[in-house]
Amino acid sequence: MLAGPGERRGWHIPASVTARTTFNPIRSIVDRMKIAPNPNKKMIALSIGDPSIFGNLDPCREIVDPVVDCIKKAKHNGYSPSEGYVKTREAIAAGHSYPSSPLTDKDVVLACGCSGALELALDVLLNPGDNVLVPKPGFAIYETISISRGHEVRHYNLLPERSWEVDIKHLGSLVDERTRAIVVNNPSNPCVAEKHMIPIIADEVYENVVFPEYKFYPLAQLSENVPILSCGGISKGYLVPGWRLGWVIIHDKHRAFERLADMSQQILGPSTVIQGALPDILTKTPQSFFEKTVKVIQKNAEICCEELSRIPELKPVMPCGAMYMMVGVDISNIQTTFVLCSQFQRKRPSWLVRG
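Once you know that position 97 of the sequence shown is 97 in full-length UniProt numbering, the rest is easy, because the numbers rise by one and skip nothing.
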């Protein structure tokens with residue numbers, strides 16, 4: 001309130017447009033559920049994507065020891081270049097180079113986790129008013145980042161009856177002159193991107209969490225022409241999401257992403273201790289570690305799928321990897337998915353997340 005020319009009475013500090021428009025669909029459910037837990041039943045958390053939370057999946061010594069060594073040697077306590085140490089980026093490039101898409105350290109930018117990598121990728125491609133195509137269902141962070149920056153989010157359908165393949169026809173119908181990127185959860189199909197000359201942001205954080213009967217193919221191996229920003233990190237495959245180290249790998253023969261490294265100057269790089277340890281982590285972690293991790297996850301998925309299939313109203317879809325399972329639910333007698341999640345928490349104490 002103004003008291004006179006140039007004077008104010010009381011504090012009134014309006015939130016920015018970015019703050020007012022930042023919205024996470026998952027957090028909106030979890031934070032709104034103010035339900036007293038059932039004291040007679042233990043809560044089962046089915047909404048957590050953190051592989052470290054329950055203590056049954058731990059990183060191996062080859063992951064932990066390099067970090068301990070880095071701390072003891074005290075050579076990585078300062079700032080790194082904003083895009084990350086050269087040796088760290090060289091190690092990532094070496095592990096993700098292919099004959100059709102050779103990489104150097106200049107093709108890698110480090111970020112604070114894969115979420116930070118996705119943020120960089122979206123920021124370098126879209127302006128307010130532009131639109132981005134994201135999978136439905138998909139990771140909520142795509143929408144959270146985009147809406148806070150004034151981007152329009154358009155959801156393209158995935159087909160559960162075909163192991164979540166992209167509905168190519170529906171995806172193509174969403175493209176217009178302001179479509180700047182297609183976000184793809186790999187594995188998926190990049191053909192629409194090439195047809196419409198739209199770059200891809202590939203979320204490939206689960207590259208090391210694929211069940212044995214399937215094989216992971218990076219999108220950069222499947223398309224020689226489409227510019228691709230591949231976002232990854234150590235959170236899922238290496239079981240250390242709290243270490244917050246991710247990366248954007250630039251596969252770009254058309255020089256569409258030249259300003260990406262400039263965007264990294266906003267955060268001055270992720271943890272330098274983890275950066276210093278990463279070359280050893282990437283090169284010395286044995287394949288047996290990933291196989292053991294995947295075996296545990298797959299066994300749990302098989303048990304869940306088998307047991308949920310016994311319930312007529314539920315239609316689980318067995319995943320090919322990762323740490324999630326999508327379950328179709330007959331909610332004809334339930335008003336909304338929020339109500340469904342609330343009822344589960346109250347009657348059968350379980351945290352669920354809608355797709």
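Glycine residues also receive a C-beta, built at the ideal position from the N, C-alpha and C atoms.
Tell me whether ASP176 is buried or exposed, calling it buried when 16 or more other Cβ atoms sit within 10 Å of its Cβ. exposed
CB of SER100 within 7 Å of CB of ILE141, strictly: no
Counting only runs of 4+ residues fully inside the segment 41-84, write out the alpha helix (DSSP H) ranges in chain order. 61-73
Looking at GLY246 and ALA111, is the spacing between their C-beta atoms short of 7 Å? yes
Which word fits SER146, buried or exposed, when buried means at least 16 other C-beta atoms lie within 10 angstroms of its C-beta? buried
Would you kindly work out how many angstroms separate the C-alpha atoms of VAL17 and ASN24, rounded to a whole number? 15 Å
Look up TYR156 in the DSSP assignment and say whether it is helix, strand or coil. strand
Taking Cβ to Cβ, would you say VAL240 is nearer than 7 Å to ILE249? no
Express the C-alpha separation of GLY242 and ASP105 in angstroms, rounding to a whole number. 24 Å
Cβ atoms of CYS231 and ASP203: under 7 Å apart, would you say? yes
Nearest-angstrom Cα distance between ARG310 and PRO316? One alpha carbon belongs to ARG310, the other to PRO316, and they sit about 10 Å apart.
Classify VAL339 as buried or exposed, calling it buried when 16 or more other Cβ atoms lie within 10 Å of its own Cβ. Exposed, because fewer than 16 other Cβ atoms sit within 10 Å of the Cβ of VAL339.
Give every residue of the same chain whose Cβ lies closer than 6 Å to the Cβ of VAL109, excluding the five residues on either side of it in the sequence, and list them in chain order. These residues qualify, in order along the chain: GLU83, VAL248, LEU260, ALA261 and SER264.
Do VAL209 and GLY321 have their C-beta atoms closer together than 7 Å? yes
Can you grab the Cα-Cα spacing for the pair LEU103 / ALA94, in whole Å? A straight-line Cα-Cα distance of about 7 Å links LEU103 and ALA94.
For ALA277 versus CYS60, is the C-beta distance shorter than 7 Å? It is not a contact, given that the beta carbons lie outside the stated cut-off.
Beta carbon of LEU222 nearer than 7 Å to that of ILE228: no
Going by DSSP, what residue range makes up the beta strand (DSSP E) through CYS231? 228-233
Just to confirm the assignment, what range does the alpha helix (DSSP H) spanning ALA301 have? For ALA301, the enclosing alpha helix (DSSP H) starts and ends at 287-308.
What span of residues does the alpha helix (DSSP H) with LYS169 cover, start to end? 168-173
Could you give the distance in angstroms between the alpha-carbon of ILE198 and the alpha-carbon of GLY138? 19 Å
Residues near THR272 in its chain [Cβ-Cβ closer than 6 Å; skip 5 each side]: HIS76 and SER80
Does the Cβ-Cβ distance between ILE200 and VAL226 come in under 7 Å? yes
Separation of VAL132 from VAL183, as counted between CA atoms: 7 Å
Beta-carbon separation of HIS151 and LEU171 under 7 Å? no
How about PRO14 and ASP280: are their beta carbons less than 7 Å apart? no
As assigned by DSSP and simplified to three states, the class of TYR98: strand
Using 7 Å as the threshold, is the C-beta distance between THR283 and GLU62 below it? no
With which residues is PRO316 paired in a DSSP beta bridge? Beta-bridge pairing links PRO316 to VAL327.
Classify VAL296 as buried or exposed, calling it buried when 16 or more other Cβ atoms lie within 10 Å of its own Cβ. Residue environment analysis places VAL296 among the exposed positions, since fewer than 16 neighbouring C-beta atoms fall within 10 angstroms of its C-beta.
Alpha carbon of ARG20 to alpha carbon of TRP11, nearest angstrom: 18 Å
What alpha helix (DSSP H) runs, 4 residues minimum, are completely inside the segment 215-274? Counting whole runs of 4 or more residues, the segment 215-274 contains the alpha helix (DSSP H) stretches 219-222 and 260-263.
Tell me which residues share the same chain as PRO270 and place their Cβ nearer than 8 Å to its Cβ, disregarding the 5 neighbours each side in the sequence. The answer, listed in chain order, is GLY84, LEU110, ALA111, CYS112, GLY113, GLY116, ARG244, LEU245 and GLY246.
Considering only DSSP beta bridges, list what residue 372 is partnered with. This structure cannot speak to residue 372, because the chain is shown only from 1 to 355.
Going by C-alpha distance, which of ILE334, MET326 and LYS299 is nearest LEU352? MET326
I'd like to know whether the C-beta of PRO135 is nearer than 7 Å to at least one C-beta of chain B. The structure shown has no chain B; it contains just one protein chain.
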